[in-house]
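S.K.: Residue numbers (my numbering): 5 to 613. Even for Gly, the Cβ is constructed at its ideal location relative to N, Cα and C. Here you go, one structure.
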Amino acid sequence: MCGIAGIIGNNQPGFSIEKMLERISYRGPNGLFYWKNKNGAFGHARLSIIDLSSDANQPMTDDTTGNTIIFNGEIYNYIEIKKAIGSRYEFKTNSDTEVILAAYKIYGQDFLTHLRGMFSFALFDNTTNKVLVVRDRFGIKPFYYRKINGTFLFASEIKALLKINNEPEEINENKAYDFIADCQLDCDDETMFGNIFQLLPAHCMWVSMDGSTSSPKEYWCFPEPGVKHFDASSGNEFVSIFNDTVRLHLRSDVPVGCFLSGGIDSSSVACFAAENMGESMLHTFSAVLPYFHPENVLIDDVLKKSNRFIPHKFLLDGDNYFDDIFSVIYHHDEPIMDGSMYAHYKLCSLARDHGIKVLLSGSGGDELFGGYASHIHAYHAKLLSQLRLVSWINAVKKVRKHSAIGYKALFSKSVYETLPVGVRRAFKHRQLQKRINHVSSSYALKHYYHTGDDAFSSNMINSYKSWTAPPFLHYEDRNCMAFGVEARVPFFDHELVEFVLQFRADDIVQGKSKSILRNSFRGRVPQEVLDQKGKYGFPSPIDHALRNDNYGKEIFFDLYKETPLLKQQETEKLARDFYEKSGDVSIFWRTFSYILWYHIFFKGLKNMI
5 MCGIAGIIGN NQPGFSIEKM LERISYRGPN GLFYWKNKNG AFGHARLSII
55 DLSSDANQPM TDDTTGNTII FNGEIYNYIE IKKAIGSRYE FKTNSDTEVI
105 LAAYKIYGQD FLTHLRGMFS FALFDNTTNK VLVVRDRFGI KPFYYRKING
155 TFLFASEIKA LLKINNEPEE INENKAYDFI ADCQLDCDDE TMFGNIFQLL
205 PAHCMWVSMD GSTSSPKEYW CFPEPGVKHF DASSGNEFVS IFNDTVRLHL
255 RSDVPVGCFL SGGIDSSSVA CFAAENMGES MLHTFSAVLP YFHPENVLID
305 DVLKKSNRFI PHKFLLDGDN YFDDIFSVIY HHDEPIMDGS MYAHYKLCSL
355 ARDHGIKVLL SGSGGDELFG GYASHIHAYH AKLLSQLRLV SWINAVKKVR
405 KHSAIGYKAL FSKSVYETLP VGVRRAFKHR QLQKRINHVS SSYALKHYYH
455 TGDDAFSSNM INSYKSWTAP PFLHYEDRNC MAFGVEARVP FFDHELVEFV
505 LQFRADDIVQ GKSKSILRNS FRGRVPQEVL DQKGKYGFPS PIDHALRNDN
555 YGKEIFFDLY KETPLLKQQE TEKLARDFYE KSGDVSIFWR TFSYILWYHI
605 FFKGLKNMI
């Protein structure tokens with residue numbers, strides 16, 4: 005929806021709110037607006053989605069209270085909140101922003117429980133003379149902050165907080181190591197920059213006008229492992245809730261589109277969205293490879309399902325990879341994990357070119373419905389730890405029928421998941437160290453950030469809070485906002501999540517991943533899509549792009565020797581092995597991505613962006 009920035013404190017830096025906001029002005033192509041008082045300043049870069057009039061501009065002030073807000077995101081149930089408040093508040097706009105101000109006035113600090121959507125915002129309370137900063141339950145929308153001489157500065161992106169008053173920037177070496185070794189970013193409140201932090205998902209914090217802050221407080225948490233059985237009635241209720249979730253995510257005063265890969269998640273979102281379009285058309289955006297890809301061939305099956313689709317396809321051959329990758333990393337503020345981020349970036353550009361300002365995404369389906377192999381192994385470990393040996397063996401056999409994973413891996417990995425977390429963490433650390441001997445670090449990789457008594461639930465929480473969802477939501481936001489497009493993720497709706505997680509793991513993973521979704525959506529989503537076995541994600545041409553581009557190869561060998569943390573001899577061997585087609589593409593790419601990030605943000609490599 006936009007970009008936000010703010011400065012709060014007695015010692016105002018010699019760097020203006022205007023300069024901060026200008027750095028992320030592409031997030032809000034419809035205008036830059038400001039609010040200031042003695043010790044504070046708010047800035048808002050607007051992308052107009054709901055209520056396109058100037059009345060909905062931010063910063064927005066409630067004339068009856070003097071409270072002022074800057075808000076990034078969407079409150080999907082704003083119409084329902086407005087109806088519930090009724091005559092208790094005199095609304096002057098049709099925006100969801102004003103609904104937050106109204107809810108705060110009517111419900112007090114309990115207002116957060118009423119909000120259904122994605123959001124990060126700062127709300128100045130005129131009575132207490134404090135600012136409440138909030139981030140949504142899953143971290144769909146970003147919120148970064150730092151302190152300089154006691155003053156609190158915040159923004160939607162890290163780049164708005166850099167090089168202020170000539171403050172030195174430093175690499176967070178542990179995070180760099182975590183990223184290169186274990187593909188981990190956004191798994192806690194730290195960033196790749198040593199002095200910049202992020203407000204965690206589902207947290208809020210008070211900031212006094214002198215710049216001091218309260219401890220962040222969690223206002224929502226994941227439900228306990230479910231015990232209910234998913235029956236036919238539950239299936240009907242699930243379809244109704246999912247349909248309602250998609251319907252709410254379609255609320256917009258500008259054209260809406262949808263990513264479509266041919267996978268189960270994006271196809272489900274596209275099919276349900278098409279049903280709710282009325283007389284409008286739904287633009288779909290797909291990245292297709294120049295060679296056979298199992299999900300690519302299913303895209304047309306989805307498109308045949310409705311006459312409401314207007315398809316757009318982008319040929320992802322990777323030939324111009326290095327024309328864009330510098331800009332991708334610049335917009336992300338941190339290194340990127342793999343080539344799928346590049347594919348997603350190109351589709352966001354394509355959507356902008358076709359006048360689409362809102363894109364629905366299938367992100368979050370794997371986390372919610374046990375879509376990763378690790379979920380399967382964790383479920384089997386749960387059965388094993390409960391000594392349900394017959395159920396364990398039968399479950400492994402059933403999964404083997406519907407999966408490409410062999411018996412040996414299914415049995416051994418489920419046993420591994422029953423080991424104490426300290427043992428697994430130590431094993432994982434030693435395993436990864438062997439793959440990254442080119443990086444200087446003594447940091448002990450955490451990997452298992454979240455633990456619990458239930459193996460399946462712990463695995464799911466790790467996916468949501470560290471392993472997969474945070475970096476995926478990061479690129480959903482940054483890639484789309486680079487082109488003034490808003491990404492929406494229906495599977496990250498908290499009411500949908502709370503509904504699904506009340507059911508037993510036995511039903512969520514019933515012999516195959518995503519059992520609940522596959523079984524419930526029969527007739528609504530093409531059978532060929534629901535019955536696919538593999539998991540492929542966004543297609544990526546990264547192997548071809550890296551190995552066949554001499555320009556990229558020259559950049560790597562030009563820059564790696566001047567990059568901190570990298571051992572020169574070992575890094576050169578890593579690259580030689582990769583280019584000779586015997587090296588690990590994932591480790592090589594993350595090293596390369598880290599190198600480009602460092603030189604863009606610490607050495608001013610801006611001429612290539």
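Residue 598 to residue 384, Cα distance in whole Å?
M.R.: Position 594 of the sequence shown, counted from the first residue, corresponds to residue 598. Position 380 of the sequence shown, counted from the first residue, corresponds to residue 384. Those two C-alpha atoms are separated by around 36 Å.
S.K.: From the DSSP output, read off the bridge partner residues of residue 517.
M.R.: Translated into positions along the sequence shown, residue 517 becomes position 513. According to DSSP, residue 517 bridges with nothing at all.
S.K.: For residue 504 and residue 275, which I take to be in contact (beta-carbon distance under 8 Å), what is that distance rounded to the nearest angstrom?
M.R.: Start at 1 with the first residue of the sequence shown, and residue 504 comes out as number 500. Start at 1 with the first residue of the sequence shown, and residue 275 comes out as number 271. The pair is not a contact, with the Cβ atoms about 18 Å apart (cut-off 8 Å).
S.K.: Buried or exposed: where does residue 358 fall if 16 or more other Cβ atoms within 10 Å of its Cβ makes it buried?
M.R.: Along the sequence shown, one-based indexing puts residue 358 at 354. With fewer than 16 other Cβ atoms within 10 Å, it is exposed.
S.K.: Check the DSSP bridge columns for residue 74 and list the partner residues they point to.
M.R.: For the purposes of this step, residue 74 is identified with residue 70 of the sequence shown, where counting begins at 1. According to DSSP, residue 74 bridges with 126.
S.K.: Taking the alpha helix (DSSP H) that residue 151 belongs to, which residues open and close that run?
M.R.: Here residue 151 refers to the residue found at position 147 of the sequence shown. Taken as a continuous stretch (DSSP letters only), residue 151 belongs to no alpha helix (DSSP H), being part of the beta strand (DSSP E) at 148-152.
S.K.: What residue from 184, 476 and 65 has the CA that sits closest to residue 601's CA?
M.R.: Counting from one through the sequence shown, the residue named residue 601 turns up at place 597. Measuring from the Cα of residue 601, the nearest candidate turns out to be 184.
S.K.: Taking the beta carbon of residue 371 as the centre, do at least 16 other beta carbons fall within 10 Å, making it buried, or is it exposed?
M.R.: Numbered from its first residue, the sequence shown carries residue 371 at position 367. Buried.
S.K.: Let's test the definition: count the other Cβ atoms within 10 Å of the Cβ of residue 644 and tell me whether it reaches 16, buried, or not, exposed.
M.R.: The requested residue 644 is not part of the displayed model; the chain covers only 5 to 613.
S.K.: Using 7 Å as the threshold, is the C-beta distance between residue 264 and residue 303 below it?
M.R.: Position 260 of the sequence shown, counted from the first residue, corresponds to residue 264. Position 299 of the sequence shown, counted from the first residue, corresponds to residue 303. A contact, by the Cβ cut-off of 7 Å.
S.K.: Under 7 Å between the Cβ atoms of residue 406 and residue 518?
M.R.: Residue numbering aside, residue 406 sits at position 402 when the sequence shown is read from its first letter. Residue numbering aside, residue 518 sits at position 514 when the sequence shown is read from its first letter. The answer is no: Cβ separation not under 7 Å.
S.K.: Using a 10 Å radius around the Cβ and a threshold of 16 neighbouring Cβ atoms, would you call residue 114 buried or exposed?
M.R.: In the sequence shown, the residue the question calls residue 114 occupies position 110. Its Cβ having fewer than 16 others within 10 Å, residue 114 is exposed.
S.K.: Looking at the structure shown, is residue 530 part of a helix, part of a strand, or coil, going by DSSP?
M.R.: Here residue 530 refers to the residue found at position 526 of the sequence shown. In the structure shown, residue 530 sits in coil (DSSP, three-state: anything other than H, G, I, E or B).
S.K.: What residue does the beta strand (DSSP E) around residue 210 start on, and which one ends it?
M.R.: Position 206 of the sequence shown, counted from the start, is the residue given in the question as residue 210. It spans 207-212 - the beta strand (DSSP E) in which residue 210 sits, taken as one unbroken run.
S.K.: Thinking C-alpha only, which one of 389, 380, 484 and 461 is nearest residue 362?
M.R.: Locating residue 362 in the sequence shown gives position 358, where the first residue counts as 1. The candidate whose alpha carbon is nearest that of residue 362 is 484.
S.K.: Pick helix, strand or coil for residue 444, following the three-state DSSP scheme.
M.R.: Counted from its first residue, the sequence shown places residue 444 at position 440. Three-state result, residue 444: coil.
S.K.: Applying the criterion that 16 or more other CB atoms from any shown protein chain within 10 Å of the CB defines a buried residue, is residue 233 buried or exposed?
M.R.: Reading the sequence shown from its first residue, position 229 is the one you call residue 233. Per the 10 Å Cβ criterion, exposed.
S.K.: When DSSP builds the beta bridges, which residues end up paired with residue 316?
M.R.: If you number the sequence shown from 1, residue 316 lands on position 312. The partner list for residue 316 (beta bridge, DSSP) reads 289.
S.K.: With distances taken between CB atoms, is the gap from residue 7 to residue 60 smaller than 7 Å?
M.R.: For this step, residue 7 is matched to residue 3 along the sequence shown. For this step, residue 60 is matched to residue 56 along the sequence shown. Not closer than 7 Å, so no.
S.K.: Since residue 179 and residue 194 are thought to touch, with beta carbons under 8 Å apart, how far apart are those beta carbons, to the nearest angstrom?
M.R.: As a working mapping, residue 179 is identified with position 175 in the sequence shown. As a working mapping, residue 194 is identified with position 190 in the sequence shown. Yes, they are in contact, since the Cβ atoms of residue 179 and residue 194 sit about 6 Å apart, within 8 Å.
S.K.: Can you tell me whether DSSP reads residue 39 as helix, strand or coil?
M.R.: Within the sequence shown, numbered from 1, the residue matching residue 39 stands at position 35. The answer is strand: DSSP assigns residue 39 an E or B state.
S.K.: Checking the sheet assignment: what are the DSSP bridge partners for residue 362?
M.R.: To locate residue 362, count along the sequence shown from 1; it is residue 358. Partner(s): 260 and 490.
S.K.: Among 294, 296, 307 and 295, which residue has its Cα nearest to the Cα of residue 287?
M.R.: Stepping through the sequence shown from its first residue, residue 287 is reached at position 283. Residue 287 has its Cα closest to that of 307, out of 294, 296, 307 and 295.
S.K.: Using only the alpha-carbon positions, how far apart do residue 292 and residue 350 sit?
M.R.: Taking the sequence shown and counting its residues from 1, the one referred to as residue 292 is at position 288. Taking the sequence shown and counting its residues from 1, the one referred to as residue 350 is at position 346. Straight-line Cα distance between these residues: approximately 11 Å.
S.K.: Work out the CA separation of residue 468 and residue 203 for me, nearest whole Å.
M.R.: Against the sequence shown, residue 203 aligns to sequence position 199. Against the sequence shown, residue 468 aligns to sequence position 464. For residue 203 and residue 468, the distance between alpha carbons rounds to 16 Å.
S.K.: Note the first and the last residue of the continuous beta strand (DSSP E) segment covering residue 25.
M.R.: Counting from 1 along the sequence shown, the entry for residue 25 is found at position 21. Where residue 25 is concerned, there is no enclosing beta strand (DSSP E), although the alpha helix (DSSP H) it sits in stretches over 21-26.
S.K.: Should the region 333-352 be called in touch with the region 452-463, which here means at least 3 C-beta pairs below 8 Å?
M.R.: With a cut-off of 8 Å, the region 452-463 and the region 333-352 do not count as touching, because too few Cβ pairs lie within range.
S.K.: What's the C-alpha gap between residue 10 and residue 246?
M.R.: Along the sequence shown, read from residue 1 onward, the residue named residue 10 stands at position 6. Along the sequence shown, read from residue 1 onward, the residue named residue 246 stands at position 242. Answer to the nearest angstrom: the Cα atoms are 36 Å apart.
S.K.: For residue 96, verify whether its CB is less than 6 Å away from any heavy atom of the ligand ATP.
M.R.: Within the structure as shown, the ligand ATP is missing, as the structure has no ligands at all.
S.K.: My understanding is that residue 76 touches residue 124, with C-beta atoms under 8 Å, so please give their C-beta distance in whole angstroms.
M.R.: Residue mapping note: residue 76 aligns to position 72 of the sequence shown, counting from 1. Residue mapping note: residue 124 aligns to position 120 of the sequence shown, counting from 1. Correct: roughly 5 Å between the Cβ atoms.
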